[in-house]
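> Dropping the structure in here first, questions after.
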Amino acid sequence: MPRKIVIIGAHAAGCDAAAAARKTDRTAEITMLTTQRVAGYSPCGIPFVLGGHIKSFNDLVVFPPSYFEMMKIDLRLETTATNIDPEAKTVEIQDKTGKTETLEYDSLIIATGAKPFVPPIKGREKQGVYVLRTIDDGEKIEQAIRSSSSAVVIGAGLIGLEIGVSFVERGLKTTVVELLPQVLPAMLDKDMADIVQKGLEEKGLRIITGHGVDEILGEEKVSGVSVAGEQIPTDFVVVATGVRGNTELAQKAGIALGETRLIKVNMRMETNIKDIYACGDCVESISLITKRPTVSQLGTTAVRQAKVAGTNAAGGYAIFPGVIGAAVTKLFDMEIGAVGLTEFFAKRNGIETVSVTFTGKTRAQYYPGALPLRIKLVAEKETERLIGAQIIGGEGVAQRINALSFAILKEMTVRELAKAETCYAPPVNETWDPMVLAAQTLLRRLK
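The numbering used here puts the first residue of the sequence shown at 1103, with every later residue one more than the last.
The following block contains the structure:
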């Protein structure tokens, strides 16, 4: 009898889990479910479609229908899993016509993702208030952009800023409102965040930090927002205040959640119920630095977990060690990246740190087009181990974040990084890479 594998979710995590399962077991019967009308696309690209960098939403489809046919995966679109029975090993499903069916499984993978969290702001139910998670959301916002001249974005995390930038690029008068005292609060410390904010404001994006939106104004439809006693007129609002994992189905089946209120899994991505695995935004991760549970709702985390879940669900063996949280984005012509812990989060985890901020250039300074690069390194004071890095620059940020991610993963000390060998040619790098110079400066501080 071929192994029956059911996967709930058909996006980053679901698709990569299916691919890994198929590679592990050529004969398994794999069924995938998604509530959406399009599967296998990259939501991370949506802000860049809105900004006009990518031509259409269709370009975001990474796994077209032909892929599922080729991999012999039974993909069910616009289908909801309504119940999991771990005793009987069945999943109840319902399609958009209301027809129900019971699927049997040998292994089940929960890749239900997350949904946008909308805080209880007065007036949030008005017309013209959007969230951004799916292609459908993106298309609604695209329509709104076409008939608008102004917008307000609530939340200055990665997605909020990417959306705000895309609106300015489309010619909208845009304001981003952030409750916390800085932009990118999960990614950067305030000293680095302030530089990002200044750079964005110079390009025409208005940013208000340290205040929430008190009310969304208007009759039926949005006409403005009230922030810190000021009324800002706007044609529409996008709420980008983070996401919450879709864990209700799992909880109903008796699957345990961890301390972050996401699904708890072991290193093989298996839940507390045998033969039920989980991966992606609905799952708790372990930080390789603090060794504690953490929330890592990144596409990279989703696909890495999915590969492990899919392999194990199909009878193979794989483990997922944990996360360091490497992230990067591009806002106008500024690249921003971070990995590991910020000073703020290190302190919250009881880690005493020493840090340094260093400014260098992306090429030899005499070479035309050399751009500034600002690097912040964070080290644990006692062990001198590198535990975090933040970079803002005009180019070359992602690969430096990758290099520092490897350094943190291998528990490299600041002394070791200060002695690292890097490459040099005037058009592409300085003789001393700014990462190494930053480490040398930090080493002096540690002494």
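C-beta: ideal position from N, C-alpha, C; glycine also. These figures come from a predicted structure and were not determined experimentally.
1. Is residue 1194 near the ligand ADP, in the sense that its beta carbon is under 7 Å from a heavy atom of that ligand?
2. For the candidate residues 1342, 1316 and 1347, whose alpha-carbon lies nearest to that of residue 1334?
3. Please determine, among 1525, 1497, 1201 and 1379, the residue with the shortest C-alpha to C-alpha distance to residue 1432.
4. Would you mind giving the Cβ-Cβ distance between residue 1221 and residue 1343, rounded to the nearest angstrom? I have them listed as a contact below 8 Å.
5. Please tell me whether residue 1240 and residue 1151 are closer than 8 Å, where the distance is taken between their beta carbons.
6. Select from 1369, 1367, 1423 and 1406 the residue whose C-alpha is nearest the C-alpha of residue 1391.
7. Since residue 1131 is in the beta strand (DSSP E), which residue starts that stretch and which ends it?
8. What is the DSSP secondary structure of residue 1476, reduced to helix, strand or coil?
9. Let's see if you can read the secondary structure: which residues bound the beta strand (DSSP E) around residue 1360?
10. Can you tell me whether residue 1176 is buried or exposed, with buried defined as 16 or more other CB within 10 angstroms of its CB?
11. Please confirm whether residue 1105 and residue 1133 have their CB atoms less than 8 Å apart.
12. Between the Cα of residue 1171 and those of 1120, 1286 and 1291, spot the shortest distance and give me the residue it belongs to.
13. Counting C-beta neighbours from all protein chains within 10 Å, is the total for residue 1398 16 or more, i.e. buried, or is it exposed?
14. Rank 1515, 1372 and 1377 by C-alpha distance to the C-alpha of residue 1385 and give the top, closest one.
15. I need the straight-line Cα distance from residue 1141 to residue 1309, nearest angstrom please.
16. Go ahead and label residue 1233 buried or exposed: buried means 16 or more other beta carbons lie within 10 angstroms of its beta carbon, across all protein chains shown.
17. For residue 1383, which residues in the same chain have their Cβ closer than 7 Å to its Cβ, ignoring the five residues on either side in sequence?
18. Out of 1396, 1186, 1159 and 1375, state which residue places its alpha-carbon closest to the alpha-carbon of residue 1242.
19. What's the gap between the Cα of residue 1111 and the Cα of residue 1355?
20. Going straight from the alpha carbon of residue 1063 to that of residue 1535, what length do you get?
21. Closest to residue 1488 by C-alpha separation, out of 1510, 1327, 1474 and 1252, would be which residue?
22. Tell me which residues share the same chain as residue 1414 and place their Cβ nearer than 7 Å to its Cβ, disregarding the 5 neighbours each side in the sequence.
23. Taking only three categories from DSSP, how would you classify residue 1242?
24. When you compare only the Cα positions, how much space is there between residue 1351 and residue 1325?
25. In chain order, which continuous runs of the beta strand (DSSP E) of length 3 or greater are located wholly inside the segment 1123–1186?
26. What do you get for residue 1294, buried or exposed, if any count of 16 or more other CB atoms within 10 angstroms of its CB means buried?
27. Exposed or buried, which one is residue 1409 when buried takes at least 16 other CB atoms within 10 Å?
28. Does residue 1219 pass the burial test, meaning 16 or more other C-beta atoms within 10 Å, or should it be called exposed?
29. At which residue ranges does the segment 1474–1546 contain complete beta strand (DSSP E) runs of 3 or more residues, listed in the order of the chain?
30. Can you tell me which residues form a DSSP beta bridge with residue 1326?
31. Kindly indicate which residue of 1453, 1505 and 1435 has the alpha-carbon position closest to the one of residue 1267.
32. What's the call for residue 1541, buried or exposed, on a 16-neighbour Cβ count within 10 Å?
33. If you follow the alpha helix (DSSP H) that residue 1458 is part of, which residue opens it and which one closes it?
34. Can you list, in chain order, the residues of its chain with a C-beta nearer than 6 Å to that of residue 1187? Leave out the 5 residues immediately preceding and following it.
35. What's the gap between the Cα of residue 1516 and the Cα of residue 1547?
36. Let me confirm a value: residue 1291 is counted as buried when at least 16 other C-beta atoms fall within 10 Å, else exposed. Which label applies?
To lay it out plainly:
1. With respect to the ligand ADP, the structure shown offers nothing to examine, as it has no ligands at all.
2. Numbered from its first residue, the sequence shown carries residue 1334 at position 232. Checking every option, the nearest Cα to that of residue 1334 belongs to 1316.
3. Within the sequence shown, numbered from 1, the residue matching residue 1432 stands at position 330. Measuring from the Cα of residue 1432, the nearest candidate turns out to be 1497.
4. The residue given as residue 1221 occupies position 119 in the sequence shown. The residue given as residue 1343 occupies position 241 in the sequence shown. Yes, residue 1221 and residue 1343 are in contact; Cβ-Cβ is about 6 Å, under 8 Å.
5. One-based indexing of the sequence shown puts residue 1240 at position 138. One-based indexing of the sequence shown puts residue 1151 at position 49. Yes.
6. Locating residue 1391 in the sequence shown gives position 289, counting from the first residue. Cα-wise, what sits closest to residue 1391 is 1423.
7. Here residue 1131 is taken as the residue at index 29 of the sequence shown, counted from 1. Element bounds for residue 1131: 1131–1135.
8. Mapped onto the sequence shown, residue 1476 falls at position 374. Of the three classes helix, strand and coil, the one that applies to residue 1476 here is strand, per DSSP.
9. The residue given as residue 1360 occupies position 258 in the sequence shown. Taken as a continuous stretch (DSSP letters only), residue 1360 belongs to no beta strand (DSSP E), as it is neither H nor E.
10. One-based indexing of the sequence shown puts residue 1176 at position 74. Result: exposed.
11. The sequence position of residue 1105 within the sequence shown is 3, counting from 1. The sequence position of residue 1133 within the sequence shown is 31, counting from 1. Taking 8 Å as the Cβ cut-off, residue 1105 and residue 1133 do not qualify as a contacting pair.
12. As a first step, residue 1171 is located in the sequence shown; it is residue number 69 there, counting from the start. Of the listed residues, the one whose Cα sits closest to residue 1171 is 1120.
13. Your numbering for residue 1398 matches position 296 in the sequence shown. Classification for residue 1398: buried.
14. Within the sequence shown, numbered from 1, the residue matching residue 1385 stands at position 283. If we check each option's Cα against that of residue 1385, 1372 comes out closest.
15. By 1-based counting over the sequence shown, the position of residue 1141 is 39. By 1-based counting over the sequence shown, the position of residue 1309 is 207. Across the structure, residue 1141 and residue 1309 are spaced so that their CA atoms are roughly 34 Å apart.
16. The count along the sequence shown starts at 1 and reaches residue 1233 at position 131. Classification for residue 1233: buried.
17. Counted from its first residue, the sequence shown places residue 1383 at position 281. Excluding positions up to five away in sequence, the list reads 1215, 1216, 1345, 1347, 1399 and 1404.
18. Position 140 of the sequence shown, counted from the start, is the residue given in the question as residue 1242. Comparing Cα positions, the closest option is 1159.
19. Looking up residue 1111 in the sequence shown gives position 9. Looking up residue 1355 in the sequence shown gives position 253. Looking at the two C-alpha atoms, the distance is approximately 17 Å.
20. Any answer about residue 1063 is impossible in this case: the structure gives the chain only from 1103 up to 1549.
21. For this step, residue 1488 is matched to residue 386 along the sequence shown. Of the listed residues, the one whose Cα sits closest to residue 1488 is 1510.
22. Locating residue 1414 in the sequence shown gives position 312, where the first residue counts as 1. Answer for residue 1414: 1370, 1371, 1372, 1379 and 1420, listed in chain order.
23. Taking the sequence shown and counting its residues from 1, the one referred to as residue 1242 is at position 140. Residue 1242: helix per DSSP, three-state reduction.
24. The residue you call residue 1351 lines up with position 249 of the sequence shown. The residue you call residue 1325 lines up with position 223 of the sequence shown. For residue 1351 and residue 1325, the distance between alpha carbons rounds to 37 Å.
25. 1131–1135 and 1175–1178
26. Residue mapping note: residue 1294 aligns to position 192 of the sequence shown, counting from 1. With 16 or more Cβ atoms within 10 Å of its Cβ, residue 1294 is classed as buried.
27. Locating residue 1409 in the sequence shown gives position 307, where the first residue counts as 1. By the 10 Å Cβ count, residue 1409 comes out buried.
28. Taking the sequence shown and counting its residues from 1, one reaches residue 1219 at position 117. Classification of residue 1219: exposed, given that the 10 Å Cβ count is below 16.
29. List check, beta strand (DSSP E) in window: 1474–1482 and 1488–1495.
30. By one-based count along the sequence shown, residue 1326 stands at place 224. Partner(s): 1319 and 1335.
31. In the sequence shown, counting from the first residue as 1, residue 1267 sits at position 165. Looking at the Cα atoms, 1435 is the closest of the given residues.
32. One-based indexing of the sequence shown puts residue 1541 at position 439. That one is buried.
33. Stepping through the sequence shown from its first residue, residue 1458 is reached at position 356. Unbroken run through residue 1458 is the beta strand (DSSP E), 1455–1463; no alpha helix (DSSP H).
34. Residue 1187 sits at position 85 when you count from the first residue of the sequence shown. A distance below 6 Å between beta-carbons, with the five flanking residues on each side excluded, links residue 1187 to no residue of its chain.
35. Walking along the sequence shown from the start, residue 1516 turns up at place 414. Walking along the sequence shown from the start, residue 1547 turns up at place 445. Rounded to whole angstroms, residue 1516 to residue 1547 spans 11 Å at the Cα level.
36. Here residue 1291 refers to the residue found at position 189 when the sequence shown is read from its first residue. Buried, by the Cβ-count rule.
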